[in-house]
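Working notes, structure below.
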């Protein structure tokens, strides 16, 4: 993952990229400069869910850069219905990476443009205000200073602007922009400061006509009140509650990717693909030995209170225990305080299911689980002893935000809510027998 140095002195220089539109906007060929997500609803994220994938070089969960990124996402979660959801195989997503080869390089596309769209953050980008600004582009906002009515609110000093950046001050035509009922906002997270693109760094390039100080992006702590109102109108938010229909079920067959599942700690779990229709993840004794493996999911969003779906969800998967000694597989659910929490706590982690019976065949399991709090799933594997060979494998993992529909389910979940069962010592025992194990044959991959 590389080294992640401490965050240096503040600057907005990272958003001044000569090869990017308005300094920090990556324009795809199919998106003209005058297209604005405010007008073009096709550029908005369905259900207000911005799918994102953080590249390894950001250093999550340990780095200070990762912590800033999560705080920036929290600013949207706490003030709107927009949610940043970790990638689990979706076709359209924001690919966030640490552009360590470029000291500036803060840039993003505007709105959802399709496919894997990059969001670059270089060494001089890791300030809360700048990261919120770049996420604002990905949500669908352009810069405030280029509104059609900007000349009523700010002075532009063209002689002080670096010649190669003059186009960054081009106004948007009124035909493609809507103000969403809001006045020009000096405090907007999308508003550049008085010295943006200055020829010498000390000569102002713009000023407010009211005398109000604007200030640099890197010093800003979050969305302005007007930003929040515009966000609500843009995504038709009803308060800060997430949109109906979100979160989505997660279906992973491991044929083309691992859906965000990753090793926690030792690299014990591996991914094997035979062709476009056959893939699975596994831990082998030859690789792991007696080292425990921890296969971690991404952080999952909770279901809304009042959602038509039940707060009880369902985890389904196929597993294989194949060894000449003792081995076991365990599934745990770690409850999180918020969906951007970087590390889970053992005290809030509970076993859902475990099995150590070696049957040398694929077995299907479905396990009810609570989905009313943010959480992540942990599959723990281990070869305990007496082994000369062995494989523990998983395939077709499904997380459903609806109840398990098994007619032969052995036991229902306790009736108490998550806030209650976190205080109960018998929670772990009460869940041991809830899963239904079907001895159904699944194509064994040799």
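Numbering (this note's numbering), first residue to last: 124 to 569.
Note that CB positions come from ideal geometry on N, CA and C, so glycine has one too.
Using a threshold of 7 Å, state whether the C-beta atoms of residue 511 and residue 447 are closer than that.
With a cutoff of 7 Å on beta-carbon distance, residue 511 and residue 447 are scored as near each other.
Counterpart residues of residue 393 in DSSP-defined beta bridges:
405
Which of the three DSSP states, helix, strand or coil, is assigned to residue 420?
DSSP, reduced to helix, strand and coil, places residue 420 outside both helices and strands of the structure shown, so it counts as coil.
Please report how far the alpha carbon of residue 486 lies from the alpha carbon of residue 505, in whole angstroms.
18 Å
Alpha carbons only, please: which of 250, 221, 472, 461 is nearest the one belonging to residue 182?
Nearest option by C-alpha distance: 221.
Give the secondary structure of residue 157 by DSSP, where H, G and I count as helix, E and B as strand, and everything else as coil.
Any reading at residue 157 needs caution, since the residue's pLDDT is 46, under 50, leaving its predicted position unreliable; the model's value is listed next. Three-state DSSP puts residue 157 in coil, outside helix and strand.
Rounded separation between residue 334 and residue 290 - CA only:
Straight through space, the alpha carbons of residue 290 and residue 334 are spaced by roughly 25 Å.
Can the beta-carbon of residue 191 be found closer than 7 Å to that of residue 254?
Their beta carbons are under 7 Å apart, which means residue 191 touches residue 254 by this criterion.
Reference residue 441, options 364, 409, 377, closest by Cα:
377
Taking the CB atoms as reference points, tell me whether residue 464 and residue 514 lie closer together than 7 Å.
In this structure, residue 514 does not lie closer than 7 Å to residue 464 by Cβ.
Based on the DSSP output, what are the partners of residue 516 in its beta bridges?
405, 443
When you compare the segment 310–324 with the segment 160–172, are there three or more beta-carbon pairs, one atom per stretch, that lie closer than 8 Å?
no
For residue 194, collect the residues of the same chain with a Cβ closer than 7 Å to its Cβ; drop the 5 residues on either side in sequence, then sort them by chain order.
251
Flag this pair as yes or no: are the beta carbons of residue 437 and residue 523 separated by less than 7 Å?
yes
Local conformation of residue 349 per DSSP, three classes
Helix, per DSSP.
Once you ignore the five residues that flank residue 341 on each side, which residues in its own chain have a CB closer than 7 Å to its CB?
Taken in chain order, the residues that qualify are 133, 134, 135, 250, 252, 253.
Residue 149 vs residue 230 beta-carbon contact at 7 Å
yes
Using the beta-carbon count (16 or more within 10 Å), is residue 397 buried or exposed?
exposed
Excluding the 5 residues preceding and the 5 following residue 547 in the sequence, name in chain order all residues of the same chain whose CB lies nearer than 6 Å to its CB.
Unreliable placement is indicated for residue 547, whose pLDDT of 31 sits below 50; the coordinate value is still reported in the next sentence. Here the set comprises nothing.
Less than 7 Å between the beta carbons of residue 418 and residue 392, yes or no?
yes
Does DSSP put residue 410 in a helix, in a strand, or in coil?
helix
Continuous alpha helix (DSSP H) stretch holding residue 375: start and end:
Per DSSP, residue 375 belongs to no alpha helix (DSSP H); it is in the beta strand (DSSP E), 373–375.
Please list the terminal residues of the continuous alpha helix (DSSP H) segment that includes residue 254.
From DSSP, the alpha helix (DSSP H) with residue 254 extends over 251–262.
Does DSSP put residue 464 in a helix, in a strand, or in coil?
coil
Just tell me which of 466, 472, 431 has its CA closest to the CA of residue 366.
431
Whole angstroms are fine: how far does the CA of residue 388 sit from the CA of residue 184?
12 Å
According to DSSP, what are the bridge partners of residue 241?
Assignment of beta-bridge partners to residue 241 by DSSP yields 218.
Taking all protein chains shown into account, do 16 or more other C-beta atoms lie within 10 angstroms of the C-beta of residue 482, making it buried, or fewer, making it exposed?
Residue environment for residue 482: exposed (fewer than 16 other C-beta atoms within 10 angstroms of its C-beta).
Reducing DSSP to helix, strand and coil, say where residue 286 ends up.
helix
Collapsed DSSP secondary structure at residue 502 in the structure displayed
strand
Validate contact between the segment 294–304 and the segment 277–286 using beta carbons, cut 8 Å, 3 pairs
no
On the DSSP bridge assignment, give the partners of residue 380 in chain order.
Partner(s): none; residue 380 has no beta bridge.
Quick check: the Cα distance between residue 541 and residue 272, rounded to an integer number of angstroms?
With a pLDDT of 32 at residue 541, under the threshold of 50, the modelled position of this residue cannot be trusted, and the question is left open.
Check residue 470 in the structure and name its three-state DSSP category.
Three-state result, residue 470: helix.
Which residue comes first and which comes last in the alpha helix (DSSP H) that contains residue 493?
No alpha helix (DSSP H) holds residue 493; the beta strand (DSSP E) holding it covers 486–493.
Below 8 Å on the Cβ atoms is my contact criterion, and I expect residue 449 with residue 412 to pass it. Report the Cβ-Cβ distance as a whole number of Å.
So it is not a contact: roughly 14 Å between Cβ atoms.
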